[in-house]
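Residue numbers (this note's numbering), protein chains in the order written: chain A, 1 to 328; chain B, 1001 to 1248.
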């Protein structure tokens, strides 16, 4: 449905998107993940026909975004990052304008407007001036305008930012529902959003794609190496030695070097005392083996806990590796 | 007919945000006051003069021309600058609309608001006609000239508004350009006879004079239409520049 082939976009001296390629089949929900300024919005704007790429080819449903931009715009519903809606228009007359601009036939316009008003939860505010609405409602108006012509492709640039938690859940459910019959690309830097909504994730940083995998692939890759966190009262060097000798163990580290950055940050530096180890291993659950070994040596076992690898780990690791390779 | 949706939206915005009402009020107060003073002048000295060369000429050549120059940049400055500032231009550019649709929709919405304002001033000669017999030809020629001059001003303002995202800058720059058109031929001695001939070819204001005298000259009509089209074409070029320029 969406084909992107070595697309580059420059803004003067700034290289915003650097030779990226990917494709999205029909009916897939893809999450664009990356830090601010990674090139997510630029890529999405190219796909929405806002501006053409500097070089490379991008097409939506077989229509090239540069040469057949009108057809592309007809197929795509786009929700821009800056929620921009006319503040002086009432919701309904704004949607009426959008429906006409997007060639919704006159006879169906009224019905389609009512449909999006209902599905975006705008019933109560449909006759109010957009400028007087709260941010959450304006956001929904933004989503409603993207949906009105029943586009085959939806491009949503950070659709849940600035919403309260309840609205976030609602919008995610809406996207999930839409994704069952449409192709959706959404960008976010909220990682949990990706795992609840998307089939596949494309991680992008510095204008380049670092990874493009289905969620299942990502998870299994993360779970090949499993980790337990062990806290022991005993002589550090010997404990480490014993742990390293256990079957299946690949690596033992003190947790101060841990990959689990978010966790060590949450616990504060004081907890990085000696006596805490991260054991990386493959194979079956190792917790029983670890606890038995510690107790057999007469040390005190304070904690054995398996550490679930998260999307955050994967993401941080990829971004860090990419930065390192760029510096080299 | 795709430009109609943009046209309707712009009209809703003009009347929804009260810009149209505020400017129409200012326009009618100014033109009304000027018509009143011109009429008093004609009443005092009119026995010796023709109504066309005194009342109508003064009303259109001196006053109407000046008032529309004051009002129109305030009407046009928001056309593109506001959309750029709000970010709504991103919507327009991702809807299946062509740039000419957007430009024509905006231009005609502004033009219609302007024509409505000017039409309201027809009340002045209508009132006068109940008291005093006169030939309607010359004032109607003056009105035609006003509409054509206004169209050229609006196109000029639309173009300048497409260059910036700051409405105040768009308004000021439009004043600058219009005032330049006005003063272009004022100092004949300083710029020399030859140059004056070539610059006066571009002077929007000089071309207006014949209309004010009650003369409709095909060349003048075509000139104003050509200027309008020229500025609309420049607007199109300005919008299309996003496709090759390195801007966000």
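Using N, Cα and C, we set each Cβ at its ideal position, and we do this for glycine too. All values derive from a computational prediction rather than experimental measurement.
Query: Is the shortest distance between the beta-carbon of residue 239 of chain A and the beta-carbons of chain B less than 8 Å?; Result: no
Query: Whose C-beta lies closer than 6 Å to the C-beta of residue 227 of chain A among residues of the same chain, with five residues either side of it excluded?; Result: 278, 280 and 307
Query: First and last residue of the alpha helix (DSSP H) that includes residue 241 of chain A?; Result: 236-245
Query: Tell whether a beta-carbon distance below 8 Å holds between residue 1086 of chain B and residue 84 of chain A.; Result: yes
Query: Are the C-beta of residue 167 of chain A and some C-beta of chain B separated by less than 8 Å?; Result: no
Query: Looking only at its own chain, which residues have a Cβ that is under 7 Å from the Cβ of residue 1217 of chain B, when we skip the five neighbours before and after it?; Result: 1210
Query: Between which two residues does the alpha helix (DSSP H) holding residue 56 of chain A run?; Result: Counting along the chain, residue 56 of chain A falls outside any alpha helix (DSSP H), though it belongs to the beta strand (DSSP E) covering 55-60.
Query: Could you tell me the distance, in whole angstroms, from the CA atom of residue 1269 of chain B to the CA atom of residue 1103 of chain B?; Result: The requested residue 1269 of chain B does not occur in the structure, where chain B is confined to residues 1001 to 1248.
Query: With a threshold of 16 other CB atoms inside 10 Å of the CB of residue 110 of chain A, please say whether the residue is buried or exposed.; Result: exposed
Query: Please classify residue 273 of chain A as buried or exposed, where buried requires at least 16 other C-beta atoms within 10 Å of its C-beta.; Result: For residue 273 of chain A, the predicted model reports a pLDDT of 48, less than 50, meaning its position is unreliable; a value from the coordinates is still stated below. It is exposed - the Cβ of residue 273 of chain A has fewer than 16 other Cβ atoms within 10 Å.
Query: For the segment 36-64 of chain A, enumerate the residues whose C-beta is nearer than 7 Å to any C-beta of chain B, in chain order.; Result: 48, 49, 50, 51 and 52
Query: Using a Cβ-Cβ cut-off of less than 9 Å, give me the residues of the segment 82-94 of chain A that come near chain B, in sequence order.; Result: 82, 83, 84, 85, 86, 87, 88, 89, 90, 93 and 94
Query: Can you round the beta-carbon distance between residue 20 of chain A and residue 209 of chain A to whole angstroms, since I take them to be within the 8 Å contact cut?; Result: 5 Å
Query: According to the Cβ coordinates, are residue 163 of chain A and residue 171 of chain A closer than 8 Å?; Result: yes
Query: Determine the DSSP secondary structure at residue 281 of chain A, reduced to helix, strand or coil.; Result: strand
Query: Does residue 1087 of chain B come within less than 8 Å of chain A when only Cβ atoms are used?; Result: yes
Query: Under 8 Å between C-beta atoms, does residue 1241 of chain B make it to chain D?; Result: In the structure shown, chain D does not exist; the protein chains are A and B.
Query: Locate the alpha helix (DSSP H) running through residue 111 of chain A, then write down its first and last residues.; Result: 106-119
Query: Output yes if chain B places a C-beta closer than 8 Å to the C-beta of residue 152 of chain A; else output no.; Result: no
Query: Can you list, in chain order, the residues of its chain with a C-beta nearer than 8 Å to that of residue 1049 of chain B? Leave out the 5 residues immediately preceding and following it.; Result: 1042
Query: Using the beta-carbon of each residue, which ones in chain B are nearer than 8 Å to residue 103 of chain A?; Result: 1096
Query: For residue 23 of chain A, report the span of its alpha helix (DSSP H) as first-last.; Result: No alpha helix (DSSP H) contains residue 23 of chain A, which is instead part of the beta strand (DSSP E) from 14-24.
Query: How about residue 117 of chain A and residue 60 of chain A: do their beta carbons lie closer than 8 Å?; Result: no
Query: Three or more beta-carbon pairs under 8 Å between the segment 1056-1068 of chain B and the segment 1015-1033 of chain B, yes or no?; Result: yes
Query: Out of B/1119, B/1175 and B/1147, which has the shortest C-alpha to C-alpha gap to residue 1159 of chain B?; Result: B/1175
Query: Cβ closer than 8 Å: which chain B residues qualify as neighbours of residue 74 of chain A?; Result: 1096
Query: DSSP state of residue 210 of chain A, grouped into three classes?; Result: strand
Query: Whose Cβ in chain A lies nearer than 7 Å to the Cβ of residue 1207 of chain B?; Result: Within chain A, no residue comes near residue 1207 of chain B; the closest Cβ sits about 36 Å away, beyond 7 Å.
Query: Quick check: the segment 131-143 of chain A against the segment 47-54 of chain A, are at least 3 beta-carbon pairs closer than 8 Å?; Result: no
Query: Residue 100 of chain A touches chain B at which residues, Cβ-Cβ below 7 Å?; Result: 1005
Query: Look at residue 47 of chain A and residue 207 of chain A and say whether their C-beta atoms are less than 8 Å apart.; Result: no
Query: Residue 145 of chain A touches chain B at which residues, Cβ-Cβ below 8 Å?; Result: 1091
Query: Just the Cα atoms here: how many angstroms apart are residue 1178 of chain B and residue 1106 of chain B?; Result: 20 Å
Query: Can you tell me which of B/1157, B/1096 and B/1151 puts its alpha carbon nearest to the alpha carbon of residue 69 of chain A?; Result: B/1096
Query: Our contact map puts residue 1167 of chain B next to residue 1081 of chain B with C-beta atoms below 8 Å; I'd like the distance itself, whole angstroms only.; Result: 5 Å
Query: For the pair the segment 1195-1206 of chain B and the segment 1119-1138 of chain B, tell me if three or more CB-CB distances fall below 8 Å.; Result: no
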